[in-house]
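Listed in order, the protein sequences are those of chains A and B. Using my numbering, the first residue of the first sequence is number 421, and each one after it goes up by one. Using my numbering, the first residue of the second sequence is number 421, and each one after it goes up by one.
Number of protein chains: 2
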Amino acid sequence: MKKAEPALLTEKTADTIRHKIVSGELAPGLRLSEAALSEQLTISRNTLREVFRLLTQEGLLRYEPNRGVYVAEPDMAAIIDIYRLRQLIECSALRNAYPLHPAVERMTQAVSQARALSLQQDWTGVGTANMQFHSAIVDLADSERLNRIYRNISAELRLAFGHLNDAELLHAPYVEKNGAILALLNAGQNEQAAQALSAYLELSQRTVLAALSRRAR
Amino acid sequence: MKKAEPALLTEKTADTIRHKIVSGELAPGLRLSEAALSEQLTISRNTLREVFRLLTQEGLLRYEPNRGVYVAEPDMAAIIDIYRLRQLIECSALRNAYPLHPAVERMTQAVSQARALSLQQDWTGVGTANMQFHSAIVDLADSERLNRIYRNISAELRLAFGHLNDAELLHAPYVEKNGAILALLNAGQNEQAAQALSAYLELSQRTVLAALSRRAR
DNA sequence: GCATATTTGTCCGTATGTATA
DNA sequence: CTATACATACGGACAAATATG
Numbered sequence: 421m422k423k424a425e426p427a428l429l430t431e432k433t434a435d436t437i438r439h440k441i442v443s444g445e446l447a448p449g450l451r452l453s454e455a456a457l458s459e460q461l462t463i464s465r466n467t468l469r470e471v472f473r474l475l476t477q478e479g480l481l482r483y484e485p486n487r488g489v490y491v492a493e494p495d496m497a498a499i500i501d502i503y504r505l506r507q508l509i510e511c512s513a514l515r516n517a518y519p520l521h522p523a524v525e526r527m528t529q530a531v532s533q534a535r536a537l538s539l540q541q542d543w544t545g546v547g548t549a550n551m552q553f554h555s556a557i558v559d560l561a562d563s564e565r566l567n568r569i570y571r572n573i574s575a576e577l578r579l580a581f582g583h584l585n586d587a588e589l590l591h592a593p594y595v596e597k598n599g600a601i602l603a604l605l606n607a608g609q610n611e612q613a614a615q616a617l618s619a620y621l622e623l624s625q626r627t628v629l630a631a632l633s634r635r636a637r
Numbered sequence: 421m422k423k424a425e426p427a428l429l430t431e432k433t434a435d436t437i438r439h440k441i442v443s444g445e446l447a448p449g450l451r452l453s454e455a456a457l458s459e460q461l462t463i464s465r466n467t468l469r470e471v472f473r474l475l476t477q478e479g480l481l482r483y484e485p486n487r488g489v490y491v492a493e494p495d496m497a498a499i500i501d502i503y504r505l506r507q508l509i510e511c512s513a514l515r516n517a518y519p520l521h522p523a524v525e526r527m528t529q530a531v532s533q534a535r536a537l538s539l540q541q542d543w544t545g546v547g548t549a550n551m552q553f554h555s556a557i558v559d560l561a562d563s564e565r566l567n568r569i570y571r572n573i574s575a576e577l578r579l580a581f582g583h584l585n586d587a588e589l590l591h592a593p594y595v596e597k598n599g600a601i602l603a604l605l606n607a608g609q610n611e612q613a614a615q616a617l618s619a620y621l622e623l624s625q626r627t628v629l630a631a632l633s634r635r636a637r
């Protein structure tokens, strides 16, 4: 029988910390002490430093030489930058999508799951399903590097979302918009789907920025 | 008087290895032993492992759990993927460029330098100048994340270039094409500039793939 | 298929430099 | 300015995984 140990300790720990960050357990701006964290996770400082490198590259941590690592605090400039990338990546993926790409199945599932969770008012779950929908859109491009890039920016975005408390406002309105985009894609109207997505992203960005500025008061 | 010690040891070592990789001193596919390399560089194994993490994220090294790190060997799929990203990133940057962006100055300098080195038949230098030209194009977008992404894929691409021996064929024909793109941009014809760039990239990709397949025989 | 040697993954203790109170 | 806390880097150790004969 195989040990259920799936990943290397480094990867596993990275997952743990990643989750603590996006869940808000480790607040943005918080300084992460090597000694304290390594003791709490019962891993060595060497190993923890390797994990820090990983998460820094992903944009979840910020590095200050000789001063330590801090949980990133995405600001307005970061949000704007991230949404520009999303426009670029997602819209082009949709525009050039093949009709019967396997990722379409994932998009369909994400939409129906979001609808179900929406009825139960599980807005956090809806948010996750929405993110899966967009991740599936990127899959349409069949690009290993685009997928890696998108994983990074959506982690950063999740971090920004995390501290905007009105989850319903942030996610609920988008369920049916995703459904509409999917319908257009299934109808072979790629260009219209891309335009709908573009409008979607613009609206979403405005909402996030507004929520962020309310909080910054 | 300050010590001239500029960077962290980790960063400095990463620079060293990066250079050895793109210069071909460390051949693609070569396995890098932690013990041997750390002794050769007179740094500890722990420090070297952090460097490996850094370069792995950049795509210059490939990681195999419990087996070690290898110098990456970009294959055809990687080349194709990278060029798709370049089309997406560079063309959109050019299409949406502001007229008087500071990066235009850098583009201009890169072109004139490439012309000068071209006369001296310094094709490696021409290649570097060409890369700076395209890096400047990405700067036009003013996106921190796009710049980071582009740094990574161009390091990977340089690695692929490195082992195609005909540097003149790979770089010489592109000097004047870059000049033409710059001229179109200066004339405010962004769309034409983007289309010229797109054709440029398609040709470049074909050349690289052909050289790669000749070598693979 | 087995025993052995090599190498990675991880941990610990410690010394040094740098930033902050 | 001193003291303190912490990040940076080192070297040694051992277990686990892998490769080798």
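Heads up, the beta-carbon is just placed ideally off N, CA and C, and yes, glycines get one too.
- Cβ proximity to chain A below 8 Å picks out Asn466, Arg469, Glu470, Arg473, Leu474, Gln477 from the stretch 459 to 479 of chain B.
- Straight-line spacing of the CA atoms in Arg465/B and Glu454/B works out to 6 Å.
- Taking 8 Å as the cut-off, the beta carbon of Ile557/A is found closer than this to the beta carbon of Glu510/A.
- Within the DSSP bridge table, the entry for Tyr483/B names Val489/B as partners.
- For Ser633/B, the number of other beta carbons within 10 angstroms of its own is below 16, and it is reported as exposed.
- A Cβ of chain A is located within less than 8 Å of the beta carbon of Asp501/B.
- For the options Ala498/A, Arg565/A, Leu452/A, Thr548/A, the alpha carbon positioned closest to that of Ala587/A is the one of Thr548/A.
- Chain B places no beta carbon closer than 8 Å to that of Leu429/A, leaving this residue out of the contacts.
- The residue from Asn606/A, Leu605/A, Tyr594/A, Leu629/A with its alpha-carbon nearest to that of Ala619/A is Tyr594/A.
- Counting every other CB atom within 10 Å of its CB across the protein chains shown gives Asp501/B a total of 16 or more, marking it as buried.
- Around the beta carbon of Met496/B, a 10 Å sphere encloses fewer than 16 other beta carbons of the protein chains shown; the residue is thus reported as exposed.
- Contact note: Glu564/B reaches chain A through Ala497, Ala498, Asp501, using a C-beta cutoff of 9 Å and chain order.
- Along the stretch 509 to 527 of chain A, the positions whose C-beta sits under 8 Å from a C-beta of chain B are Ile509, Ser512, read in chain order.
- In terms of Cβ geometry, Val471/B and Thr433/B form a close pair [threshold 8 Å].
- Sixteen is the threshold: when 16 or more other Cβ atoms of the shown chains lie within 10 Å of the Cβ of Asn598/B, as they do, the residue is buried.
- Leu474/A is positioned such that its CB atom lies closer than 8 Å to that of Arg473/B.
- The C-beta of Ser532/A has fewer than 16 other C-beta atoms within 10 Å across all chains shown, which makes the residue exposed.
- Out of Gln612/B, Ala603/B, Thr436/B, Thr627/B, the CA that lies nearest to the CA of Thr528/B is found in Ala603/B.
- Considering only beta carbons, no part of the stretch 590 to 607 of chain B lies closer than 9 Å to chain A.
- If the five residues before and after Arg526/B are omitted, its C-beta is found closer than 6 Å to the C-beta atoms of Ala556, all from its own chain and listed in chain order.
- Taking C-beta separations shorter than 7 Å and ignoring five residues to either side along the sequence, the partners of His521/A in its chain run Leu560, following chain order.
- Take the alpha-carbon of Val491/B and the one of Gln507/B: they are about 26 Å apart.
- Collapsing the DSSP output to three states places Leu566/A in a helix.
- By DSSP's assignment, Arg451/B forms a beta bridge with Tyr490/B.
- Leu480/A sits away from Glu622/A, with the two beta carbons spaced by 8 Å or more.
- Under the 10 Å beta carbon count, His439/A is surrounded by fewer than 16 other beta carbons and is classified as exposed.
- Taking a contact as a CB-CB distance under 8 Å, the pair Ala631/B and Leu579/B does not count as one, their CB atoms being some 14 Å apart.
- In the three-state reduction of the DSSP assignment, Asp495/B falls in the coil class.
- For Leu617/B, no Cβ of chain A is located within less than 8 Å of the residue's own Cβ.
- The beta carbon of Pro494/A sits no closer than 8 Å to any beta carbon of chain B.
- If the five residues before and after Arg535/B are omitted, its C-beta is found closer than 8 Å to the C-beta atoms of Val595, Gly599, all from its own chain and listed in chain order.
- Taking a beta-carbon distance threshold of 8 Å, Ile437/B does not count as an interface residue toward chain A.
- Per DSSP, Gly547/A is one residue of the alpha helix (DSSP H) stretching across 543 to 559.
- In this structure, the straight-line span from the alpha carbon of Val628/B to that of Gln540/B is close to 23 Å.
- Taking CB atoms only, Leu579/A has no neighbour in chain B less than 8 Å away.
- When 7 Å is used as the limit between beta carbons, Arg504/B is near these residues of chain A: Ser563, in chain order.
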